[in-house]
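Okay, so the sequence shown: first residue is 16 according to the numbering used here, each after it adds one.
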Amino acid sequence: MTEYGRGPGSEPWHPEDPLYGDQGWGGQAAAAGHAPYGGQPQQQYPQPQQQYPQPQQQYPEAQQDAYQQQYGTQPDAYQHQYGTQDPYRQAHDPYQQPYDGGWDTGQQTAMPYGADQAGGHGGHPAGYGSAHEADYYGTSEAYPPPQPPGRRQPGPEPATDWDNEVAQEETHPFFTGDDGRGDDGYDEEPRGGGRDRRGKGKKKSRNGLACLVVAAVLVGGLGGVGYVGYQLWQDQFGAPEDYAGDGSGSVQVEIPRGAAGYEIGNILKEAGVVKSVDAFVSAQEKNPKGNTIQDGVYVLKKEMSAASAVELMLSPASRNNLIIAEGRRNVQVYADIDKRLELKPGTTQDIAEKEAGNLGLPDWARNHPDVKDPLEGFLFPASYPVAKGAKPEAVLKKMVARANQEYEKAGLEAKAKGLGLKNPWELLTLASLVQVEGKTHDDFRKMSEVVYNRLKPTNTETNQLLQFDSAFNYLKGQSKIDISEDEINSNQDPYNTYTQKGLTPGPISNPGNEAIAAALNPTSDGWMYFVATDGMSKTEFAKTHDDFLKLKDKFNDS
């Protein structure tokens with residue numbers, strides 16, 4: 016492509032170019048009688064003036080060689096001898112592309128070298144303005160006729176591939192150069208030109224709004240990222256969330272058996288006691304007694320600090336469990352449940368009598384004759400969470416389940432026969448007697464040996480009679496120490512061990528773990544008698560009847 020137009024070949028400098036050549040040339044033919052360039056059409060590239068010594072250097076070397084091969088080397092431009100040929104002209108290359116001889120007019124056949132145009136010296140060759148020249152541009156398919164550079168119409172721009180990303184017009188003052196007001200807030204432009212000024216003001220408003228939107232999005236995004244980062248930092252390195260102070264109000268929570276650490280913390284968080292589980296776990300670990308928190312019902316406060324919650328749970332004042340003491344009878348436990356659940360007295364006992372078979376008793380504890388209460392011995396001594404609104408049968412089921420767990424752990428069913436007993440029911444009954452009669456751990460083991468020795472068929476001291484006051488008190492529903500011999504010896508109830516040989520039909524209390532362990536591991540010292548010599552807590556033992564009488568006198572003297 017040349018500087019002034021487009022075409023397959025080079026395009027010449029037009030003589031009317033204001034920067035080049037004679038301004039009076041009108042595109043006429045050469046004077047008659049002269050055959051410039053050996054009869055060829057007029058040279059399209061007149062030699063430049065001195066300020067352009069070598070115009071052919073503006074064009075590629077291949078084009079310059081083509082001109083030299085067709086016309087040879089031209090003489091000096093300042094001699095204006097157009098007929099003289101270069102004696103050293105090169106031979107014409109038959110394969111060389113001929114010069115097209117025009118601006119953008121298509122291919123033309125070069126005239127034979129050295130031939131004159133028709134008409135001789137007196138004729139004028141046809142110029143561009145000749146009316147007799149054939150119109151080679153009349154058809155719609157043809158290119159438009161060449162125009163001098165000064166009169167050319169701009170041609171269509173070459174087609175470009177479709178661009179999916181359409182360039183957006185820059186409207187920001189930074190790119191358009193329209194800074195509007197200066198940094199000091201004052202408008203340096205005059206206050207005239209209402210329409211143009213209003214238009215700029217509107218554009219400026221849009222830019223400002225866009226900046227505000229972008230700023231809001233950036234601030235929101237940065238704020239969100241910052242919040243997430245803060246939370247991650249808090250989770251990894253920060254102290255867990257916690258309330259301050261001792262809290263207020265009152266709330267009752269139940270901690271199940273076996274719960275610890277995170278499970279307790281989660282229960283407290285859901286109840287609104289502590290703010291986070293991690294805070295409670297941390298406080299529990301820091302407290303030397305933190306791991307001694309037991310299951311049960313606690314009365315705590317709302318929104319307590321984790322440390323305060325741990326301290327309160329370690330205090331007996333917070334415990335609101337139903338505590339069953341060792342050796343307690345069932346009738347007493349039923350009354351405790353009624354009181355805790357604020358029920359009418361006797362409600363729990365009625366349910367126990369009706370639902371005894373549905374509360375989880377093992378098979379070996381069922382269908383024993385003359386048993387006053389089939390649940391006796393199975394309301395295991397422990398601390399039970401009993402919240403307000405609980406059902407009596409639910410509380411009883413918890414107690415029976417705990418008894419089953421403890422008795423299975425102790426091995427009652429497996430060890431009963433090895434101790435000379437018929438079944439675990441008898442072993443449980445023996446333990447219940449030991450629990451009531453004994454006072455200390457050492458007492459329990461001696462007391463257990465007394466029972467085993469009196470049950471022996473070889474026992475001639477008591478003839479298999481246990482003679483326990485506790486059994487008579489049980490059948491009477493009382494707790495007396497001073498019982499007359501006439502009253503005891505005249506009563507034939509199966510639970511009266513003064514008149515009935517062997518064990519009672521069933522347990523007379525709910526034994527604890529120490530009494531059960533003593534029943535499984537009695538002493539072997541030959542103890543046969545015992546007396547509470549002070550009538551309260553001191554129990555003394557004897558191996559013979561004579562020693563027993565001495566202890567009895569001691570009791571009477573006390």
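All C-beta atoms in this analysis are idealised placements derived from N, C-alpha and C, irrespective of residue type, glycine included.
The alpha-carbon separation between glutamate 370 and valine 546 amounts to approximately 39 Å. Within the stretch 416-459, there are no complete beta strand (DSSP E) runs of at least 3 residues.
The alpha carbon of lysine 454 has as its nearest neighbour, out of Glu500, Ser552, Ala418, Lys387, the alpha carbon of Ser552. Ranked by Cα distance from glycine 492, the options Arg344, Val296, Met543, Ile339 are led by Arg344. Per DSSP, alanine 532 is one residue of the alpha helix (DSSP H) stretching across 528-535. Setting aside the 5 residues that flank it on each side, isoleucine 531 is surrounded in the same chain by Ala425, Ala446, each with a C-beta closer than 7 Å to its C-beta; the list follows chain order. Exclusion of the five residues before and after alanine 397 leaves Ile339, Arg417 as the residues of its chain whose Cβ lies within less than 7 Å of its Cβ.
Exclusion of the five residues before and after proline 520 leaves Asp385, Val386, Pro509 as the residues of its chain whose Cβ lies within less than 6 Å of its Cβ.
When C-alpha distances from serine 499 are compared across Ser323, Asp484, Arg334, Leu227, the shortest belongs to Asp484. Closest in C-alpha terms to glutamine 267, from the list Asn511, Glu256, Ala486, Gly287, comes Gly287.
Valine 266 sits in a strand when the DSSP states are folded into three classes. Considering only Gly280, Ser505, Thr477, the residue with the shortest C-alpha distance to phenylalanine 487 is Ser505.
With contacts defined by Cβ atoms closer than 8 Å, glutamine 420 and glutamate 341 do not form a contacting pair. In the DSSP annotation of this structure, the continuous segment of the alpha helix (DSSP H) that includes glycine 280 starts and ends at 277-285. The C-beta separation of threonine 307 from leucine 329 comes to about 7 Å, placing the pair in contact by the 8 Å criterion. Taking 8 Å as the cut-off, the Cβ atoms of phenylalanine 556 and lysine 461 count as close. As the crow flies, the alpha-carbon of valine 325 is around 48 Å from that of alanine 230. Secondary structure note for lysine 316: its beta strand (DSSP E) is the uninterrupted segment 311-317. The C-beta of alanine 259 has fewer than 16 other C-beta atoms within 10 Å across all chains shown, which makes the residue exposed. Per DSSP, reduced to three states, the secondary structure at glutamate 391 is coil, with no helix or strand assignment. Between the beta-carbon of alanine 350 and that of alanine 322 there is about 38 Å, and that puts the pair past the 8 Å contact cut. Here DSSP, grouped into helix, strand and coil, assigns leucine 337 to strand.
With a cut-off of 8 Å on Cβ pairs, the stretch 428-440 is not in contact with the stretch 300-316, counting fewer than three such pairs. For alanine 557, the secondary structure class from DSSP, reduced to helix, strand or coil, is strand. Separation of serine 291 and proline 255 (C-alpha to C-alpha, rounded to the nearest whole angstrom) is 7 Å. Annotation for valine 546: the continuous beta strand (DSSP E) segment containing it runs 544-547.
Three or more beta-carbon pairs separated by less than 8 Å are not found between the stretch 399-411 and the stretch 534-542, which leaves the two stretches without contact.
Under DSSP, tyrosine 513 shares a beta bridge with no residue. Counting every other CB atom within 10 Å of its CB across the protein chains shown gives serine 494 a total below 16, marking it as exposed. The C-alpha of alanine 332 lies about 33 Å from the C-alpha of tyrosine 489. Around the CB of serine 320, 16 or more other CB atoms lie within 10 Å, so the residue is classed as buried. With respect to leucine 564, threonine 444 sits apart: the two C-beta atoms are not nearer than 8 Å. The C-beta distance from lysine 304 to glycine 262 rounds to 20 Å, too long to fall under 8 Å, and the pair is not in contact. The C-alpha of tryptophan 542 is placed about 38 Å away from the C-alpha of alanine 367.
Between leucine 411 and glycine 239, the alpha-carbon positions lie close to 54 Å from each other. In this structure, the beta-carbon distance from alanine 380 to phenylalanine 393 falls below 8 Å.
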